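Engineer: Its first residue numbered 1, the sequence shown is counted upward by one per residue in UniProt numbering.
C-beta: ideal position from N, C-alpha, C; glycine also.
In this text, all values refer to a predicted model and were calculated from it rather than measured experimentally.
Below is the structure I would like to discuss, written out as structure tokens.
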Amino acid sequence: MKNLGFAALAAVALMFSPPASADPSIVEQDTVQQVLIGAPDAPVKVLFGRHAAIYLLDRDDSNFSTWLAILQNARDRGTQVRFAYDVYGPRLTLIEPAP
């Protein structure tokens with residue numbers, strides 16, 4: 001019975017905890033395969049070469065125009081970018097050209 005109570009407590013904690021965020025010190029690096037610009041009210045979808053997820057670039061982000069330009073340039077040139085993301089979405093939180 002004690003284990004059941006612990007399991008229930010853990011389940012409740014997981015349900016009501018805020019979404020996890022990627023460690024801001026962890027920055028990925030990859031090539032940009034696709035930049036999918038859909039409806040004007042929807043986030044831009046970004047696909048990277050070695051990362052299986054579809055990452056979201058939020059149009060309301062203050063860096064949207066700059067980051068979109070970096071992504072499109074990297075896609076067109078076949079160069080890499082460095083990026084970080086919030087696990088929820090996963091929403092991009094940093095885009096910069098790779099050194």
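Here's a check: name, in chain order, each residue in its chain whose Cβ is nearer than 7 angstroms to the Cβ of Ile95, leaving out the five neighbours to either side.
Structural biologist: Trp67, Ile70, Leu71, Val81, Phe83
Engineer: Between the Cα of His51 and the Cα atoms of Val32, Ala98, Asp60, Leu57, which residue gives the shortest distance?
Structural biologist: Val32
Engineer: Over what stretch of residues does the alpha helix (DSSP H) that includes Ile26 continue unbroken?
Structural biologist: Taken as a continuous stretch (DSSP letters only), Ile26 belongs to no alpha helix (DSSP H), as it is neither H nor E.
Engineer: In this structure, does DSSP put Thr93 in helix, strand or coil?
Structural biologist: strand
Engineer: Between the Cα of Pro99 and the Cα atoms of Thr79, Thr93, Arg91, which residue gives the shortest distance?
Structural biologist: Thr79
Engineer: In the DSSP assignment, find the unbroken alpha helix (DSSP H) run with Arg75 in it and report its ends.
Structural biologist: Where Arg75 is concerned, the enclosing alpha helix (DSSP H) stretches over 64 to 77.
Engineer: Provide the residue span of the beta strand (DSSP E) that contains Ala84, from first to last.
Structural biologist: Element bounds for Ala84: 80 to 86.
Engineer: With 16 other CB atoms within 10 Å as the buried threshold, where does Leu36 fall?
Structural biologist: exposed
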